[in-house]
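All remarks here apply to the structure that follows.
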Amino acid sequence: MTRPAHPSSTEADAIPAPGDGGRQAARERARKAKTRRGQAIAFASSVVVLGGLAVAVFTSSGWPEVKSQFFSVEAFTDSFPGILSAFWIDVKVFLIVEVVVLILGLFVAVVRTSTNPALFPFRVLGAVYCDVFRGIPVVLLIYLFGFGIPALALQGVPTDPLILGSIALALAYGSYVAEVFRAGILSIHRTQFESGLAIGLNRLQTLRHVVLPQAVRRVRPPLLNDFIALQKDVALLAVVGVIEAYRQAQIDAAATFNYTPLVAAALLYLAVTIPMARLLDYISRPDDPSRGMAK
Amino acid sequence: MTDDGLETADGAGVIDVLSVTKAFGELEVLKGIDLTVGEHEAVALIGASGSGKSTLLRCVDLLEEVDGGDILLDGEVITDPSVDPVAVRKKLGFVFQAFNLFPHLDVLENITLGAVQSGQMKRKEAEERGRELLARFGLGDREKEKPDRLSGGQQQRVALIRAFAPNPRALLLDEVTSALDPELVGEVLELVRELKAEGMTMLIATHEMGFAREVADRVAFLEGGRLLEVGAAATVIDSPSEPETRRFLGRLHQGGLA
Ligand SMILES: Nc1ncnc2c1ncn2[C@@H]1O[C@H](COP(=O)(O)OP(=O)(O)OP(=O)(O)O)[C@@H](O)[C@H]1O
Ligand SMILES: [Mg+2]
Numbered sequence: 041m042t043r044p045a046h047p048s049s050t051e052a053d054a055i056p057a058p059g060d061g062g063r064q065a066a067r068e069r070a071r072k073a074k075t076r077r078g079q080a081i082a083f084a085s086s087v088v089v090l091g092g093l094a095v096a097v098f099t100s101s102g103w104p105e106v107k108s109q110f111f112s113v114e115a116f117t118d119s120f121p122g123i124l125s126a127f128w129i130d131v132k133v134f135l136i137v138e139v140v141v142l143i144l145g146l147f148v149a150v151v152r153t154s155t156n157p158a159l160f161p162f163r164v165l166g167a168v169y170c171d172v173f174r175g176i177p178v179v180l181l182i183y184l185f186g187f188g189i190p191a192l193a194l195q196g197v198p199t200d201p202l203i204l205g206s207i208a209l210a211l212a213y214g215s216y217v218a219e220v221f222r223a224g225i226l227s228i229h230r231t232q233f234e235s236g237l238a239i240g241l242n243r244l245q246t247l248r249h250v251v252l253p254q255a256v257r258r259v260r261p262p263l264l265n266d267f268i269a270l271q272k273d274v275a276l277l278a279v280v281g282v283i284e285a286y287r288q289a290q291i292d293a294a295a296t297f298n299y300t301p302l303v304a305a306a307l308l309y310l311a312v313t314i315p316m317a318r319l320l321d322y323i324s325r326p327d328d329p330s331r332g333m334a335k
Numbered sequence: 044m045t046d047d048g049l050e051t052a053d054g055a056g057v058i059d060v061l062s063v064t065k066a067f068g069e070l071e072v073l074k075g076i077d078l079t080v081g082e083h084e085a086v087a088l089i090g091a092s093g094s095g096k097s098t099l100l101r102c103v104d105l106l107e108e109v110d111g112g113d114i115l116l117d118g119e120v121i122t123d124p125s126v127d128p129v130a131v132r133k134k135l136g137f138v139f140q141a142f143n144l145f146p147h148l149d150v151l152e153n154i155t156l157g158a159v160q161s162g163q164m165k166r167k168e169a170e171e172r173g174r175e176l177l178a179r180f181g182l183g184d185r186e187k188e189k190p191d192r193l194s195g196g197q198q199q200r201v202a203l204i205r206a207f208a209p210n211p212r213a214l215l216l217d218e219v220t221s222a223l224d225p226e227l228v229g230e231v232l233e234l235v236r237e238l239k240a241e242g243m244t245m246l247i248a249t250h251e252m253g254f255a256r257e258v259a260d261r262v263a264f265l266e267g268g269r270l271l272e273v274g275a276a277a278t279v280i281d282s283p284s285e286p287e288t289r290r291f292l293g294r295l296h297q298g299g300l301a
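Protein sequence lines correspond, in order, to chains A and B. Those letters in the first sequence? Residues 41 to 335, by the working numbering. Those letters in the second sequence? Residues 44 to 301, by the working numbering.
Okay, structure coming up:
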């Protein structure tokens, strides 16, 4: 018995029924006409909406002023190289913090969902950690770490605001991601865990081979959402004096009395976050036809 | 309690259940169960919904902890707290009513995961055995398929293969056909029949009286947490000696379930 991997309506319609040849062709024509009509409507509505917006902006009395203040080609070319090199700090911090966040989040989630009595104190610690770090604004955490920890003058503790600010970011996002992973683990039915035990795996093996693969798959969309947020929040390190893209743009803008550098920085963030958003759409796509909205 | 039940409960079988009690809070589900499953023997557990069949099977696989009494596997007490449950479960196969295959793994991986990870077989060896069994039970072309692409009957056959592929000492089957459409029941029972013919030791909770009568050597009737009648399959099902058994079987016949 073999079934088609993807039963689609096209295949179903392609089954020729006796005396049905004419209707099948008619259905095909009707479907094509419907597609063409849809495309035409989408195009016309785009022209009206986007064109209308463009006209409204470009004919406004303030536009010449805004254009020279925010979209100056000269200011852009002058500031862009500096901002781009500062942006590498954002990228590096993002990549490193991201890895730490994934490991920390997964670890906290696993501990919090454990049932071993010996781990009770760790479960409590995990819960406190998540509550505290989820509940404080990230910018405040970065301040507290960046300025507070050096003030303690502890031996062997780093004082570099870049490192301390990154730690604050990692702890904050670690708590968000821990909650995401935890929700994923809890969404896997208890019977899956029992089947793992029944085939002779121990608890850790069951977690590793049965529960986590399913849980992680299920939470990929919210996880990637948090990555996009993290990528943007690296800019908050500016508050403790780290000169990353946003801060560099601010410095340039202050020096030239022109806001174009900020637009340049915004474009750089978009260059990273938009591909991530598309990736998010891609991995969140319904993988079977029964999911998602009906057309 | 019948003589049959007590006679065999002397610690001589593959599985020996001795005076086992189990309660969930206030609810006493097992009230002193004695049952032995001998080598190559198939014992069917029958009884109404809620009588404790699943609970008894789960106690044997150490998925539930007994409150009182003991369970022995090959003469060794497995219900002692010092016993490693993982080591016990490696010697037993369990099949759930709802298949419980791993949806993220393909059919062959479902079958090999336990044996490979728990160190019972090398991966190559486990895959060879898995392929051989899949081919033998008409699933040879499905090894790369994810479980959700299979019919219920095929999924349950994979679950059965997963359970017995590592050659367990005994199989515990918990109503393996009751989640299936009627037309799929036959293919699953056929597999169980073959296992019985091969001499697999089995404890089978089931609502299929015809099947129990055919495949099981003995039938144990459970009601309200007690084994009211244990005996040869044909005897218990065709001419039960206890009035409760008669009533239960009568209800089944009336409901058209038998
Ligand atoms: N984990 C649990 N917590 C509380 N009560 C439970 C639990 N598991 C089972 N029970 C109860 O124990 C009783 C026996 O359940 P069990 O599943 O063993 O019955 P069963 O004979 O397998 O029934 P069925 O034929 O419906 O599968 C039922 O009343 C059930 O509600
Ligand atoms: Mg049951």
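For every residue, glycine included, the Cβ atom is placed at its ideal position computed from N, Cα and C.
- [ ] Leaving aside the five residues before and after glycine 236 of chain A along the sequence, list all residues of the same chain whose C-beta is less than 6 Å from its C-beta, in chain order.
- [x] Thr246, Val250
- [ ] Could you please give the first and the last residue of the uninterrupted beta strand (DSSP E) stretch that includes valine 60 of chain B?
- [x] 58-67
Task: Three-way DSSP call (helix, strand, coil) for glycine 102 of chain A in this model - done: coil
Open item on the list: What are the residues in the segment 219-241 of chain A lying within 9 Å of chain B by C-beta distance?
Closed with: His229, Thr231, Gln232, Glu234, Ser235, Gly236, Leu237, Ala238, Ile239, Gly240, Leu241
- [ ] Could you tell me the distance, in whole angstroms, from the CA atom of valine 273 of chain B to the CA atom of glycine 267 of chain B?
- [x] 15 Å
TODO: Put glycine 112 of chain B into one of helix, strand or coil per three-state DSSP.
DONE: strand
Open item on the list: Please report whether the beta-carbon of alanine 169 of chain B lies at a distance below 8 Å from any beta-carbon of chain A.
Closed with: no
Task: Residue environment, valine 148 of chain A, which counts as buried when at least 16 other CB atoms sit within 10 Å - done: buried
Task: Backbone CA spacing between serine 97 of chain B and glutamate 107 of chain B [nearest angstrom] - done: 10 Å
TODO: With a threshold of 7 Å, establish whether the CB of lysine 165 of chain B neighbours any heavy atom of ligand 2.
DONE: no
Open item on the list: Is valine 138 of chain B a contact residue of ligand 1, with contact defined as CB to any heavy atom under 7 Å?
Closed with: no
Task: Beta carbon proximity, arginine 260 of chain A to chain B, threshold 8 Å - done: no
Open item on the list: Taking contact to mean 3 or more Cβ pairs, one atom from each stretch, closer than 8 Å, check whether the segment 87-103 of chain B and the segment 246-255 of chain B are in contact.
Closed with: yes
Open item on the list: Along the segment 141-175 of chain A, where does the CB come closer than 9 Å to a CB of chain B? Name the residues.
Closed with: none
Task: Three-state secondary structure (DSSP) of leucine 241 of chain A - done: coil
TODO: Specify the secondary structure class of glutamate 230 of chain B as computed by DSSP and reduced to three states.
DONE: helix
Open item on the list: Applying the 10 Å Cβ sphere with the 16-neighbour rule, what's the burial state of isoleucine 228 of chain A?
Closed with: buried
TODO: Can you tell me the Cβ-Cβ gap for glycine 173 of chain B and glycine 240 of chain A, rounded? I've got them flagged as a contact below 8 Å.
DONE: Going by Cβ atoms, the distance from glycine 173 of chain B to glycine 240 of chain A rounds to 15 Å, so no, they are not a contact pair.
Task: Three-state class that DSSP yields for glycine 136 of chain B in the structure shown - done: strand
Open item on the list: Let me confirm a value: phenylalanine 33 of chain A is counted as buried when at least 16 other C-beta atoms fall within 10 Å, else exposed. Which label applies?
Closed with: Since the first residue shown for chain A is 41 and the last is 335, residue 33 of chain A is missing from the structure and cannot be characterised.
TODO: Reducing DSSP to helix, strand and coil, say where lysine 165 of chain B ends up.
DONE: coil
Task: Closer than 5 Å to ligand 1: residues, by C-beta to nearest heavy atom, in chain order - done: B:Phe67, B:Val72, B:Ser92, B:Gly93, B:Ser94, B:Gly95, B:Lys96, B:Ser97, B:Thr98
Open item on the list: Between which residues of its own chain and leucine 151 of chain B is the CB-CB distance below 8 Å, once the five residues before and five after are set aside?
Closed with: Glu170, Gly173, Arg174, Leu177, Glu186, Lys187
Open item on the list: Residues in the same chain with beta-carbon distance under 6 Å from aspartate 260 of chain B, minus the five sequence neighbours each way, listed in chain order, please.
Closed with: Glu84, Ala85
Open item on the list: For lysine 133 of chain B, would you say it is in contact with chain A, using Cβ-to-Cβ distances shorter than 8 Å as the test?
Closed with: yes
TODO: May I ask whether a heavy atom of ligand 2 can be found less than 7 Å away from the beta carbon of alanine 248 of chain B?
DONE: yes
Task: Residue from B:Val138, B:Val126, B:Lys189, B:Ser94 whose Cα sits closest to the Cα of threonine 231 of chain A - done: B:Val138
- [ ] Just list the alpha helix (DSSP H) runs in the segment 123-201 of chain A, keeping only unbroken ones of 4 residues or longer that don't cross its boundaries, in chain order.
- [x] 160-175, 178-183, 189-192
Open item on the list: Output needed in chain order: residues of the segment 253-277 of chain A with a Cβ under 7 Å from some Cβ in chain B.
Closed with: Pro253, Gln254, Arg257
Open item on the list: Is there a C-beta anywhere in chain A that falls below 8 Å from the one on aspartate 104 of chain B?
Closed with: yes
Open item on the list: Tell me whether the segment 158-176 of chain A and the segment 285-297 of chain A touch, counting them as touching only if at least three CB pairs, one residue from each stretch, are closer than 8 Å.
Closed with: no
- [ ] Answer yes or no: does any C-beta atom of chain A fall closer than 8 Å to that of leucine 61 of chain B?
- [x] no
Task: Contiguous beta strand (DSSP E) assignments of at least 3 residues, all confined to the segment 183-226 of chain B - done: 213-217
Task: Coil, strand or helix - arginine 101 of chain B by DSSP - done: helix
- [ ] Work out the CA separation of lysine 74 of chain B and phenylalanine 67 of chain B for me, nearest whole Å.
- [x] 12 Å
Task: is_contact[phenylalanine 67 of chain B, chain A] using C-beta, thresh 8 Å - done: no
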